[in-house]
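Asker: Structure below; questions to follow.
Chains as they are written, first to last, in our numbering: chain A, 841 to 954; chain B, 7 to 116.
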């Protein structure tokens, strides 16, 4: 399994500001993903972070709001831009295992927007 | 789009009893299914998986059953312990995409 580190683990931010979340993996992985988990709910895929090209966003998520970087095979960032209280969620980084079956997750970033 | 859902949002069981958590899925193209456990303040943790060409798979104290006829997935936990208290998610995989169910909170009473 991969070891995934996310920073920060939590933050409280003012509305209108932006927060960049970092995800570091201990091995090179092809596929990295970013999920959102709103309070008391399940996980929703935001986008697939592609190394060397633009991220692939799911329906309802756009690059201007959630810009993603993937400079190499072990690192990615997700920015939550122009935040509002509705963006308060847990944001999770995920990678696919070497068998391309199960996904492994970081511990998440708990974001509260006030 | 197609989605994965669960029947019970909260399940309360006595310590030592068996737990059964259910999940319905709708994407017949899904070829792989996974159960995750999420404890408070942590990311989802892999528990057990099953491929679509199987109907049962056993792990340590856990069993996953897959019924493709009715598109139903279940997780059975034997001799439930306090450490099993968490939210459990099923997920289905089609291609490279994982779709998660709504989650069931398992509460274990001492």
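From the three backbone atoms N, C-alpha and C, an ideal C-beta is built for every residue, glycine too.
Which residue's Cα is closest to the Cα of residue 81/B: 105/B, 35/B, 115/B and 61/B?
Answerer: Ranking the options by Cα distance to residue 81/B, first place goes to 61/B.
Asker: Relative to the C-alpha of residue 931/A, which candidate in 871/A, 861/A, 941/A and 856/A has its C-alpha closest?
Answerer: Among 871/A, 861/A, 941/A and 856/A, the Cα nearest to that of residue 931/A is on 861/A.
Asker: Tell me where the beta strand (DSSP E) around residue 62/B begins and ends.
Answerer: Run containing residue 62/B: 62-64, per the beta strand (DSSP E) assignment.
Asker: Less than 8 Å separating the beta-carbons of residue 921/A and residue 908/A?
Answerer: For residue 921/A and residue 908/A, no; Cβs fall outside 8 Å.
Asker: For residue 946/A, go through chain B and note every residue whose CB falls closer than 7 Å to its CB, in chain order.
Answerer: Within 7 Å Cβ-Cβ: 49.
Asker: So what does DSSP say about residue 88/B, is it helix, strand or coil?
Answerer: Looking at residue 88/B - three-state DSSP - the assignment turns out to be helix.
Asker: Is there contact between the region 69-78 of chain B and the region 32-40 of chain B, where contact requires at least three CB pairs shorter than 8 Å?
Answerer: Touching, yes, given that three or more Cβ pairs across the two stretches are closer than 8 Å.
Asker: Count the C-beta pairs between the region 885-894 of chain A and the region 937-950 of chain A that are closer than 8 Å, then say yes if the count reaches three, no if not.
Answerer: Flag = no, the region 885-894 of chain A and the region 937-950 of chain A do not touch.
Asker: If distances are taken between C-alpha atoms only, which option among 898/A, 841/A and 866/A comes closest to residue 874/A?
Answerer: Selected option, being the one with the closest Cα: 898/A.
Asker: Could you compute how far the alpha carbon of residue 851/A sits from the alpha carbon of residue 84/B?
Answerer: Roughly 38 Å between the two C-alpha positions.
Asker: At a CB-CB cut-off below 7 Å, which residues of chain A make contact with residue 40/B?
Answerer: Correct list: 942.
Asker: Select from 116/B, 113/B and 98/B the residue whose C-alpha is nearest the C-alpha of residue 29/B.
Answerer: Considering only alpha carbons, the answer is 98/B.
Asker: Need the endpoints of the beta strand (DSSP E) that residue 44/B sits in, please.
Answerer: Here the beta strand (DSSP E) through residue 44/B covers 38-44.
Asker: Can you tell me which of 878/A, 866/A and 923/A puts its alpha carbon nearest to the alpha carbon of residue 929/A?
Answerer: That would be 878/A, whose Cα lies nearest to the Cα of residue 929/A.
Asker: List the whole-angstrom C-beta distance separating residue 53/B from residue 112/B, where the pair is believed to meet the contact cut-off of C-beta under 8 Å.
Answerer: About 12 Å; that fails the 8 Å criterion.
Asker: Give a yes or no on whether the minimum CB-CB distance between residue 33/B and chain A is below 8 Å.
Answerer: Taking Cβ atoms only, chain A never reaches closer than 8 Å to residue 33/B, which makes this a no.
Asker: Using the beta-carbon of each residue, which ones in chain B are nearer than 7 Å to residue 932/A?
Answerer: 49, listed in chain order.
Asker: For residue 871/A, which residues in chain B fall below 7 Å Cβ to Cβ?
Answerer: In chain order: 102.
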